[in-house]
Each structure stands twice: as C-alpha cells, then as structure tokens.
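Written out below as structure tokens is the structure these notes cover.
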Ligand code: EPZ
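In this note's numbering, the protein residues as written are -16 to 402.
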C-alpha cells in the first residue's frame, strides 16, 4: 500500500500531456476477442485496469504485450472463462461477455461485484443479449451464457448504460443480420470503440447518437489503432489549475468531447482557452463562484467528474448544489473533504456545498477512483500537509499522476504507507 503526501497551497504552472483514455481502452482491448488476426494499439495508458485487462485477455487465449503505451494482441484459440479473482478487481471485465458469446457461443464470467460507488448490476447487458438469442444461468457467482450463434435484434435499453452499449455493440458485429440498439450511451468512449470496430471491418452506423445500427459480418480483421485521449483525466487537470489558482496548458486535450465540463468550469469562473498548442486553463479575474450541476449521461455533465468539480467548488464563492443521478453512492469523498474543512451537506442524491476561505491539510482515505482524484485536488489547494491513503484506487485511472503534478510545481510524493 502507498500514500501520496502533498504540501498544498502552491499554484500549478506549466504543461501537462493528457494520456490515452482508460474507458476507451478497456472495451477496445476487450474487442480483440472478436478479431481473427493480431491488432496493435497505441496511446494506451499505463494503468492498473489496463494490465488487469491484458491479464484477462491472456487467460481467454489472446496473448498480449505492453511497452511504452503500445499493446500488441494476437487472438488465439479462445477460452470461455473469466475467473472471479480477476473480475473482482475490475468490474469492466464483464465487457468480455458479448465478444465471447459472439465468437465462441459460450461464456462463463464471474458476476462483477458491486464497488464503492454502487451495486453496479449488469441486468441490462444480459436482457439485451437474451434478445439476441443468448441464454444465461447465474450460479456460484458466475454468469453462464450460451447461444447457438447470436442473431440481430431490435433492442431498447431502459437506461443508456455505457458498458451495456459496448457489450451489445461488440456482440452485434458478428451476429446474424441487423441489430438496432436504441437509447444507447453516447459517450465518446463508445464512439471510439465503434471507430475501432469499423476499422476492423464492422458495419456500424449511428455511434454517438441514441440509435446505433449494426449489420453483422462474418469476420473482423486486426488493425492498428490509437486510443483517444482521456477526457476525465483532462477535466481533472483543468480543475487542478482552478483549485490551485495556477495556469496549466493541457496537450492532447479532447476539447470537443468535453462541452459539459467546459461549460461548468467556465460558469464556476475559470478561463479555458483552446489554442493551437493545447488548452489553457486558469481561474478568471473574478475568482471561483458556486454553480449547480446534475450528473447525466453524455452529452450531460459526466458523473466521473463530479467528485473533482466538488473539490473545486469547496473553495468557490457562494453555494453549489450537486445532484448525482447516475450512481447511488458516489459521495464517498464528501466526508473526507469535510475533514479538510469543507462545508458540504448531503441529502439523498444531492450535495450542498458552501464555499470556505481555505481547506486544511489532513490524513484522508481514498475509497474509489474519482474520489481519490478529488482528495488530491483538495490537498493541492489546502494549507499544510495532506496524506491521501489507499492510492491504489487512483492508480486504476491516472497514469503517474504525482509525476505529472510534480512537473508543474506541486509538492507531492508517493511514499510507502508505513513510511
Ligand atoms: C462506465 O461504467 C464507466 N466505466 C464508469 O467510469 C462511468 O462512471 C460510467 O460508465 C457512467 O458514465 C468504464 O467505462 C470502464 P453504466 P458502467 O452501465 O458501464 C446502472 C470511472 O471512474 N446499470 O453506464 O458500469 C448502474 O448501476 C468509472 O472511470 C444498471 O442498473 O456504467 C449505474 O447506476 C466509474 N444495469 C448506471 O446504470 C446495468 O445492466 C450507469 O451504469 C448496467 C448499468
């Protein structure tokens, strides 16, 4: 176990390069299962969840290599079981379900348990795959799926589930006939997955809108593909410029995929300027001010930026109301921020944040990926020392965050937990 030790109060200044997107890379790597030839991926972030995905691919019969952001996958004779001891560490492992059923007609995937932010069921994935001819049994904590070949279907999701959309998109590529997916997720990472599949020979239309049409093909070929930049990492660093009163230039920032975040950060008083060499972010002349926000499926404000925005709003002038509508328990960062002097009151899915003069450093505990990012941001702005514990949560989704922050002036270091 390791901690991050932060001496806060310094404005960050300099350039940060945004890494490849974790939430695009995970489904795209999993889609390798569909291919009848090797694939090469670039701009793959060096993250725990990526290495977990590569381990799962190896177990499923797709040998992989990872070096300097470049991944090579050579799909071989497939196995059908994704074991619990791996799935329990990363619930996105369930994204192998659709590809395995499409290629093998059988899949045995451990039920991805819940996590700190919610129960995280996969009922929408299963009911949609059943419409394509799959049959499922749940026993001993495993999803047993089988089908005599998937057939195209007309599917309407009750909720625009990101993972459900990705599982069905991958399954439909090799199904018999046409599949229409309605009320699907419109996240940029879903679009990146579709673009990858199309480059492999899939016939997909409508990705990025609420209705996706897929005409099944007989086979998909390998190709080379660059993963899109991570819009959530980018948003996190934009917030870091705002909360520390500094100025950061983000390179490889997916500006066009971040409208809702940019709107809210500007409404909160930040200057964010798109330039030829990157995106420049700093607090505006009037300082930070409170804003109201509800998390929504894309193109709404992303739930993955909720905790980071909350940290920023703890130091804004005035009050903010934050409504978390996507996950039932995504306020684990609140009590830790309160321990640093934030004024936040919870009422159901809403958090009322009242801006305070300053935050005070304290030992705090990370509970999930974005909560840990929120605590790092608060520590960067707080007076005194903050020790963020259990930062393995952070390492799931941020590539060497402390190294990137050190390079723009942050006094932050990674130490063993018992140091
Ligand atoms: C993806 O999770 C992301 N993970 C999450 O990012 C992100 O927060 C989430 O989408 C929403 O944008 C990856 O892409 C790997 P959902 P996913 O299915 O696919 C309910 C991060 O921090 N639901 O859109 O699991 C579910 O309980 C992570 O990078 C069902 O009820 O999200 C939740 O309340 C955290 N039944 C809501 O829908 C289902 O079958 C959104 O879930 C599926 C989902």
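We treat Cβ as the ideally placed atom computed from N, Cα and C, and that holds for glycine.
Note on geometry: alpha-carbon atoms of residue 189 and residue 196 lie some 6 Å from one another. Here the alpha carbon of residue 91 sits roughly 43 Å from the alpha carbon of residue 275. A check of alpha carbon separations from residue 321 across 357, 193, 332 and 99 identifies 357 as the nearest. By the neighbour-count criterion, in which a residue is buried when 16 or more other Cβ atoms sit within 10 angstroms of its Cβ, residue 142 is exposed. Shortest Cα-Cα distance from residue 100 to any of 249, 308, 121 and 40 involves 308.
By the criterion of at least three beta-carbon pairs nearer than 8 Å, the region 50 to 68 is not in contact with the region 372 to 379. Each residue's CA atom was taken as its position, placing residue 368 and residue 6 some 32 Å apart. Fully contained in the region 265 to 296 are the following alpha helix (DSSP H) runs of length 4 or more, in chain order: 289 to 296. Taking the Cα positions, residue 328 is about 28 Å away from residue 217. The beta carbons of residue 282 and residue 242 sit about 6 Å from each other, so the pair counts as a contact at 8 Å. Boundaries of the alpha helix (DSSP H) around residue 354: 352 to 364. With contact defined as three or more Cβ pairs closer than 8 Å, the region 230 to 244 and the region 253 to 265 are in contact. With a cut-off of 8 Å on Cβ pairs, the region 289 to 305 is in contact with the region 342 to 357, counting three or more such pairs.
Collapsing the DSSP output to three states places residue 56 in a strand.
In the structure shown, residue 304 falls within a strand segment according to DSSP collapsed to helix, strand and coil. For residue 367, the shortest C-beta to heavy atom distance toward the ligand EPZ is 8 Å or greater. Per the coordinates, the alpha-carbon of residue 315 lies some 11 Å from the alpha-carbon of residue 334.
With three or more CB-CB distances shorter than 8 Å, the region 112 to 127 counts as touching the region 67 to 81. Using a C-beta cut-off of 8 Å, the region 105 to 113 makes no contact with the region 243 to 256, since fewer than three inter-stretch Cβ pairs fall below that distance. If you draw a straight line from the Cα of residue 284 to the Cα of residue 145, it comes to about 14 Å. With respect to the C-alpha of residue 229, the residue from 211, 240 and 254 having the closest C-alpha is 254.
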